[in-house]
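S.K.: Take the sequence shown: its letters are residues 49 to 308, numbered as in the numbering used here.
Glycine is no exception: its CB is placed at the ideal position from the N, C-alpha and C atoms.
If you scroll down you'll find the structure; I have some questions about it.
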Amino acid sequence: MALQFQHKPGLVIYLTAGDPSLEATLAIALAAIDAGADVIELGVPFSDPLADGPVIQRASERALAKGTSLKDVLEVARKIRAARPAAGLVIFSYYNPILRYGLANFADDSAAAGADGVLVTDMIVEEAAPYLKEMERVNLAPVFLAAPTSPDERLQAIATHSKGFIYAISRTGITGKQQNLTADAAELVNRLRRWSKLPVAVGFGISNAGHVAQVAEFADAVVVGSAIVELVEHSAPDEAPGSVARFIKGLHLEQSVLAR
49 MALQFQHKPG
59 LVIYLTAGDP
69 SLEATLAIAL
79 AAIDAGADVI
89 ELGVPFSDPL
99 ADGPVIQRAS
109 ERALAKGTSL
119 KDVLEVARKI
129 RAARPAAGLV
139 IFSYYNPILR
149 YGLANFADDS
159 AAAGADGVLV
169 TDMIVEEAAP
179 YLKEMERVNL
189 APVFLAAPTS
199 PDERLQAIAT
209 HSKGFIYAIS
219 RTGITGKQQN
229 LTADAAELVN
239 RLRRWSKLPV
249 AVGFGISNAG
259 HVAQVAEFAD
269 AVVVGSAIVE
279 LVEHSAPDEA
289 PGSVARFIKG
299 LHLEQSVLAR
């Protein structure tokens, strides 16, 4: 299992696979790992990404317009694993593409590609029994989303069934950058720790070194998604890997300064 965090806080980077191209996604992922990302969330583009804000929605639209499929995403995952054997790698998807692919086939092919875990955005733990069975069969870590509005009973179930790490949503609503983190995120992490010793990663809205420093006070890792996807959107394909690497290195550099 490679879902381990070497930094404090650890760094999870989300990429929409196929935006601007599959080749670019591979190059960006490798650059992100080399710059300090502990885990890559490789996003499967979907036509109705209800949990995502406009930045990731646009990225999904661009990737789908180029014909990016779940099979393509798994091939990128295979290449990432071959090039960076020690990196954490999570397939990030809505359930519909997985259902169309076939749950058992998806589990087999994700494991064969070298993924460490899977995060299904719209999979609720109460309805996850068939999914959890397949994940266990192929030794993939199911990563669940935990929201500030979740009752204790659901958080306990999420903590019980998650492996690798737990993804704590910093706020209610959709993905996207924000100015300030709410106190809900810290409270949610504390609630989750009643039932699990797994690392907790905080995401939704993490977009700068200040946010990273805030999260470091109470969580184990941060997830940076929309800020990276937007950077890719506004970079030329051959410049995107370097832009992403500089952004990530800046986060770590400023973290070390803030920690002194």
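Assuming V186 and D156 make a contact with CB atoms under 8 Å, what is their CB distance in whole Å?
M.R.: Correct: roughly 6 Å between the Cβ atoms.
S.K.: With a threshold of 6 Å on Cβ separation, who are the neighbours of A107 within its own chain once the five nearest residues in sequence on each side are excluded?
M.R.: Excluding sequence neighbours, A107 sits near T64, D67 and V277.
S.K.: Can you check DSSP and say which residues form a bridge with A194?
M.R.: BP columns for A194 point to A216.
S.K.: Can you list, in chain order, the residues of its chain with a C-beta nearer than 7 Å to that of Q204? Leave out the 5 residues immediately preceding and following it.
M.R.: Answer for Q204: W243, listed in chain order.
S.K.: Counting along the chain, where does the beta strand (DSSP E) carrying A267 start and finish?
M.R.: Element bounds for A267: n/a, residue is neither H nor E.
S.K.: Taking L236 and V260 to be in contact with their CB atoms under 8 Å, please state how far apart those CB atoms are, rounded to whole angstroms.
M.R.: With a Cβ gap of about 17 Å, L236 and V260 do not count as contacting.
S.K.: Expressed to the nearest angstrom, what Euclidean distance is found between the alpha-carbon atoms of E175 and H55?
M.R.: If you take the alpha carbons of E175 and H55, they lie about 34 Å apart.
S.K.: By Cβ distance below 6 Å, which residues in the same chain neighbour A79 in space, the five residues on each side in sequence not counted?
M.R.: Excluding sequence neighbours, A79 sits near P289, V292 and A293.
S.K.: Could you check the C-alpha separation between T116 and A152 for me, to the nearest Å?
M.R.: Approximately 21 Å between the Cα atoms of the pair.
S.K.: Considering only the alpha carbon of each residue, which of T169, M183 and L137 lies closest to A163?
M.R.: Of the candidates T169, M183 and L137, the one whose C-alpha sits nearest the C-alpha of A163 is L137.
S.K.: Can you give me the C-alpha to C-alpha distance between F266 and G273, rounded to a whole angstrom?
M.R.: When rounded, the distance between both Cα atoms is 20 Å.
S.K.: Go to A207, then tell me how far its alpha helix (DSSP H) extends in each direction, as first and last residue.
M.R.: Element bounds for A207: D200 to H209.
S.K.: Take E123 and list the residues in its own chain whose beta-carbon comes closer than 8 Å to its own, dropping the five residues that flank it on each side.
M.R.: Cβ neighbours of E123 beyond the five flanking positions: L70 and A161.
S.K.: Can you check the segment 104–158 for any beta strand (DSSP E) of at least 3 residues that lies completely inside it and give the ranges in chain order?
M.R.: DSSP runs (the beta strand (DSSP E)) wholly in the segment 104–158: 136–141.
S.K.: Name the two residues that bound the continuous alpha helix (DSSP H) containing V237.
M.R.: Here the alpha helix (DSSP H) through V237 covers A231 to L240.
S.K.: Do I217 and F252 have their CB atoms nearer than 7 Å?
M.R.: Yes, the pair counts as a contact, with Cβ atoms nearer than the cut-off.
S.K.: Going by DSSP, what residue range makes up the beta strand (DSSP E) through V87?
M.R.: Run containing V87: V87 to G91, per the beta strand (DSSP E) assignment.
S.K.: What are the boundary residues of the beta strand (DSSP E) that T169 is part of?
M.R.: Here T169 belongs to no beta strand (DSSP E), and DSSP marks it neither H nor E.
S.K.: Is S95 a contact residue of the ligand FAD, with contact defined as CB to any heavy atom under 6 Å?
M.R.: Annotation note on the ligand FAD: not contained in the displayed structure, which lists no ligands.
S.K.: Buried or exposed, going by whether 16 or more other CB atoms sit within 10 Å of the CB of R148?
M.R.: So R148 ends up on the exposed side.
S.K.: Here's the rule I'm using: 16 or more other beta-carbon atoms within 10 Å means buried, otherwise exposed. How should T197 be labelled?
M.R.: It is exposed - the Cβ of T197 has fewer than 16 other Cβ atoms within 10 Å.
S.K.: Please state whether DSSP places V248 in a helix, a strand or coil.
M.R.: In the structure shown, V248 sits in a strand (DSSP, three-state: E or B).
S.K.: Specify, as a first and last residue, the run of the alpha helix (DSSP H) that V60 falls within.
M.R.: No alpha helix (DSSP H) contains V60, which is instead part of the beta strand (DSSP E) from G58 to T64.
S.K.: With distances taken between CB atoms, is the gap from A83 to I296 smaller than 7 Å?
M.R.: Contact: yes.
S.K.: Spell out the partners DSSP gives F99 in its beta bridges.
M.R.: The identity of residue 99 in the sequence shown is Ala, whereas the question assumes Phe. Beta-bridge pairing links A99 to no other residue.
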